[in-house]
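>
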């Protein structure tokens, strides 16, 4: 159960980095050879590649943030992540496999706030040098149409 | 406090079963002679029966799921529950009484996501054979008009 | 980590008092010489005063609730707070500094539910007589236009 709280604290810090425009911190939540994908429930169930966002190293995540900065996307919108408590599926020497529900609100410059995305993270956590990191995070969106709007990380 | 985390983990698994279309698992979160109701804050305050959803046994919950499957309701919409941390009101040999806020997003097949329901669970948990189960869950919705749209469990 | 759970429990009780119309309890979550402000991310980043809600004592919070009761605002709307897990920035003899994301749904009398506000609490907690209290809570809204609608406490 202490582990569950550690996962909660990790996810809270992860969400805060994104929502408070500290995007450069975002890759540091992953292992160097991580897997990060965004897909939707329908594609994931049928084993289809999502084609939306795919990265298989921390370096690719860093590139993505650099591209977002160049596009200056943050000026026009903010995100607010609300995360649930993880459901731990397994935990052993290889790491911890867990699922965590998310709801992301998007706040446009006009002030309008909408539910931008919902879904669940399907994660594999690993301890590296005593630090909890994401070896894998697949953000499975509930909606199939979130994709076209994706900008900031989920 | 360890108990609080156990309640959190229970609720997370409960929500995941519903949101990931494992509805057949849903009755297993309840005791055999459970009480499950959905009502709204106004009716509950005035002591009125809600008339929306009422079940006083796990068998009735199973019937409800079978009916939902027959209606094939899941094809047309998905739910995403975001739950807060429970507020524990009492905990003794009879069980644990707690309230937990919920927000449920509904994702239509068109992709549109809206806040479908908000409210709080008013729960009585019991340990049965070392396992935490719901002896009672009353889902008190904030809105009086949620009712007509109810399909999947809250 | 045990402390983190205590913060979660505190915030859950705080939100419940507001959402369940026990507004008179709200000031009791603060120290007597507390600071409570509502502002938005843009003003806060530029160091501007928000001008929306400002109170520097528990007595002022009590006055605010009395005014809300007089305006009878609760008849026309309900709030539902969904709070995330706090990110603890520091914890020492002076207290605990933490940030907690919030999402607040507003339920109008017509039943319509919208995302009313999102943001984060920037808090300083203190132990007073063995009890956790807020010495400071700044509710930083993501949107600059939430302000004009503010009624119940965040």
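Residue numbers (the numbering used here), protein chains in the order written: chain A, 1 to 154; chain B, 155 to 308; chain C, 309 to 462. Note that CB positions come from ideal geometry on N, CA and C, so glycine has one too.
#1: May I have the straight-line CA-CA distance separating residue 281 of chain B from residue 249 of chain B, to the nearest angstrom?
#2: Entirely within the segment 180-267 of chain B and at least 4 residues each: give me those alpha helix (DSSP H) ranges in chain order.
#3: Does any residue of chain B have a CB that is nearer than 7 Å to the CB of residue 152 of chain A?
#4: Using a 10 Å radius around the Cβ and a threshold of 16 neighbouring Cβ atoms, would you call residue 398 of chain C buried or exposed?
#5: Can you list, in chain order, the residues of its chain whose CB lies under 8 Å from that of residue 339 of chain C, leaving out five sequence neighbours each side?
#6: Spell out the partners DSSP gives residue 435 of chain C in its beta bridges.
#7: Report, in whole angstroms, the separation of the C-beta atoms of residue 418 of chain C and residue 392 of chain C, which I expect to be a contact under 8 Å.
#8: Quick one: residues in its chain with C-beta nearer than 7 Å to the C-beta of residue 61 of chain A, no 5 flanking neighbours on either side, listed in chain order?
#9: Pull up the distance between the alpha-carbon of residue 139 of chain A and that of residue 88 of chain A, whole angstroms please.
#10: In the DSSP output, what is residue 272 of chain B paired with across the bridge?
#11: If we define contact as Cβ-Cβ less than 7 Å, is residue 31 of chain A a contact residue for chain C?
#12: Using a beta-carbon distance below 7 Å, is residue 419 of chain C in contact with chain B?
#13: Which residue's Cα is closest to the Cα of residue 199 of chain B: B/163, B/219, B/296?
#14: Residues of chain B with CB under 7 Å from residue 142 of chain A, in chain order?
#15: Does the Cβ of residue 19 of chain A have 16 or more other Cβ atoms within 10 Å, making it buried, or fewer, making it exposed?
#16: Spell out whether any CB of chain A is found under 7 Å from the CB atom of residue 188 of chain B.
#17: Report yes if the C-beta distance between residue 426 of chain C and residue 80 of chain A is below 7 Å; otherwise report no.
#18: Taking 7 Å as the CB-CB limit, is residue 272 of chain B close to chain C?
#19: Buried or exposed for residue 203 of chain B, please, with buried defined as at least 16 other CB atoms from any protein chain shown within 10 angstroms of its CB.
#20: Could you check the C-alpha separation between residue 311 of chain C and residue 104 of chain A for me, to the nearest Å?
#21: Given residue 82 of chain A, which residues of its chain have a CB within under 6 Å of its CB, disregarding the five upstream and five downstream residues?
#22: Could you name the residues of chain B that residue 85 of chain A contacts, counting a contact when the two beta carbons are closer than 8 Å?
#23: Is residue 25 of chain A close to chain C? Criterion is C-beta to C-beta, closer than 7 Å.
#24: Consider the Cβ of residue 281 of chain B: report whether some Cβ of chain A lies at a distance smaller than 7 Å.
#25: Using three-state DSSP, classify residue 171 of chain B as helix, strand or coil.
#26: Below 8 Å on C-beta distance, what does residue 48 of chain A contact in chain B?
#27: Under 9 Å, CB to CB, which of the residues in the segment 240-256 of chain B have a partner in chain C?
#28: If you run the structure through DSSP and keep just helix, strand and coil, what is residue 6 of chain A?
#29: On the three-state DSSP scale, how would you describe residue 176 of chain B?
#30: Would you say residue 406 of chain C and residue 371 of chain C are within 7 Å of each other, going by their C-beta atoms?
#31: For residue 268 of chain B, return the contacting residues in chain A, with the cut-off set at a CB-CB distance below 8 Å.
#32: Note down, in chain order, each residue of its chain lying with its Cβ closer than 7 Å to the Cβ of residue 274 of chain B, except the 5 sequence neighbours on either side.
#33: Per DSSP, what kind of secondary structure is residue 459 of chain C in: helix, strand or coil?
#34: Please confirm if residue 145 of chain A has its CB atom under 7 Å from at least one CB of chain B.
Let me spell this out:
#1: 7 Å
#2: 195-199, 212-225
#3: no
#4: exposed
#5: 366, 434, 436, 441, 442, 443
#6: C/440
#7: The Cβ separation is near 29 Å, so there is no contact.
#8: 26, 27, 30, 36, 55
#9: 16 Å
#10: B/257.
#11: no
#12: yes
#13: B/296
#14: 232, 234, 261
#15: buried
#16: Not an interface residue.
#17: yes
#18: yes
#19: Answer is exposed; the Cβ neighbour count stays below 16.
#20: Distance between the alpha carbons of residue 311 of chain C and residue 104 of chain A: 27 Å.
#21: 103
#22: 162, 163, 165, 166, 237
#23: no
#24: Not closer than 7 Å to any Cβ of chain A, the Cβ of residue 281 of chain B fails to qualify, so no.
#25: helix
#26: Correct list: empty, because the minimum Cβ distance to chain B is about 17 Å.
#27: Contacts with chain C (Cβ-Cβ distance below 9 Å) from the segment 240-256 of chain B involve 240, 241, 242, 253, 254, 255, 256, listed in chain order.
#28: Residue 6 of chain A: helix per DSSP, three-state reduction.
#29: coil
#30: With respect to residue 371 of chain C, residue 406 of chain C sits apart: the two C-beta atoms are not nearer than 7 Å.
#31: 115
#32: 253, 254, 255, 256, 294
#33: coil
#34: yes
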